Amino acid sequence: MGDESWSVAATAAGMIEAQVMAGRLESEAIPVRLRYDVAGSLYGITINGLGAVKILVPEEYMEQARVVIGRTYEEKDLDWQGEG
2 MGDESWSVAA
12 TAAGMIEAQV
22 MAGRLESEAI
32 PVRLRYDVAG
42 SLYGITINGL
52 GAVKILVPEE
62 YMEQARVVIG
72 RTYEEKDLDW
82 QGEG
């Protein structure tokens, strides 16, 4: 994972949203990195782009990452109880 080119797949409004997106990508075996401004993250500021978090993936995973990030779920689609 050292030489590939990483690009922005999405931008989240804050760290919590970014971590959810990163988790979704990682669950699909897509490498992910988060890039953010420390001040915005430290103070939880999300004004005028401050606090925004960029979700980066290797170029080779970009198309797959955008599909995963764009996926929506209905309550009925989620298995909250592990009932399969």
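First residue of the sequence shown: 2, per my numbering; consecutive thereafter. Note that CB positions come from ideal geometry on N, CA and C, so glycine has one too. Quantities reported herein were computed from a predicted structural model and do not represent experimental measurements.
Cut-off 8 Å between Cβ atoms - residues of its own chain near residue i, not counting five sequence neighbours on either side
{"i": "residue 65", "result": "29, 31"}
CA-to-CA distance, residue j to residue i, given in whole angstroms
{"i": "residue 62", "j": "residue 24", "result": "15 Å"}
{"i": "residue 6", "j": "residue 59", "result": "6 Å"}
{"i": "residue 54", "j": "residue 15", "result": "6 Å"}
{"i": "residue 38", "j": "residue 75", "result": "33 Å"}
{"i": "residue 67", "j": "residue 36", "result": "17 Å"}
{"i": "residue 8", "j": "residue 18", "result": "18 Å"}
{"i": "residue 27", "j": "residue 33", "result": "7 Å"}
{"i": "residue 52", "j": "residue 13", "result": "9 Å"}
Proximal residues to residue i (C-beta, below 7 Å), its chain only, five neighbours per side dropped
{"i": "residue 11", "result": "22, 56, 70"}
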